[in-house]
Amino acid sequence: MMTKVGIKSAGTTAPSRSSPKRAELSEEDKSKDAFFVRVAEIAEAMIARHGKDFAMGTMLLSAKFIAEGKPFGSRAGGGDDNSNAVKPA
Numbered sequence: 007m008m009t010k011v012g013i014k015s016a017g018t019t020a021p022s023r024s025s026p027k028r029a030e031l032s033e034e035d036k037s038k039d040a041f042f043v044r045v046a047e048i049a050e051a052m053i054a055r056h057g058k059d060f061a062m063g064t065m066l067l068s069a070k071f072i073a074e075g076k077p078f079g080s081r082a083g084g085g086d087d088n089s090n091a092v093k094p095a
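As structure tokens, this is what we get:
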């Protein structure tokens, strides 16, 4: 199934347009592709529900957390609840 961003859902493959001798993807490459599809599907859902600015901001904030080595902290999983935290003015 093709998504808005032009990524095929995991488990489906498009016919190859390159030579028939094309090398098979490694397990690591298959895993990375599957994660990319999942991220694209999440991004599309965020865009549909809250718009492009929200989706981009969320992805950028996630990238910043990864770069800085900060934990994501899942509230559903018992992570920190910052609802009472003082927010900068």
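Last residue of the sequence shown: 95 (my numbering), numbering continuous.
Note that beta-carbon positions come from the ideal geometry of N, C-alpha and C, so glycine has one too.
None of these values were measured; they are calculated from a predicted model.
Less than 8 Å between the beta carbons of residue i and residue j, yes or no?
i: Ala49; j: Ala40; result: no
State the Cα-Cα distance for the pair residue i and residue j, rounded to the nearest angstrom.
i: Ala69; j: Ser32; result: 26 Å
i: Lys36; j: Glu47; result: 17 Å
i: Ile72; j: Glu30; result: 30 Å
i: Ala95; j: Leu66; result: Caution is warranted here: a pLDDT of 46 is assigned to Ala95, below 50, making its placement in the model unreliable, and the coordinate value is therefore given only provisionally. For Ala95 and Leu66, the distance between alpha carbons rounds to 22 Å.
i: Met52; j: Gly75; result: 24 Å
i: Arg55; j: Thr64; result: 13 Å
i: Lys38; j: Lys58; result: 24 Å
i: Ser80; j: Glu34; result: 27 Å
Among residues of its own chain, excluding the 5 on either side of residue i, which ones have a beta-carbon nearer than 7 Å to its beta-carbon?
i: Phe1; result: Nothing in the structure corresponds to residue 1, since the chain is present only between 7 and 95.
Report the three-state DSSP secondary structure of residue i (helix, strand or coil).
i: Ser32; result: coil
i: Ser80; result: coil
i: Gly63; result: helix
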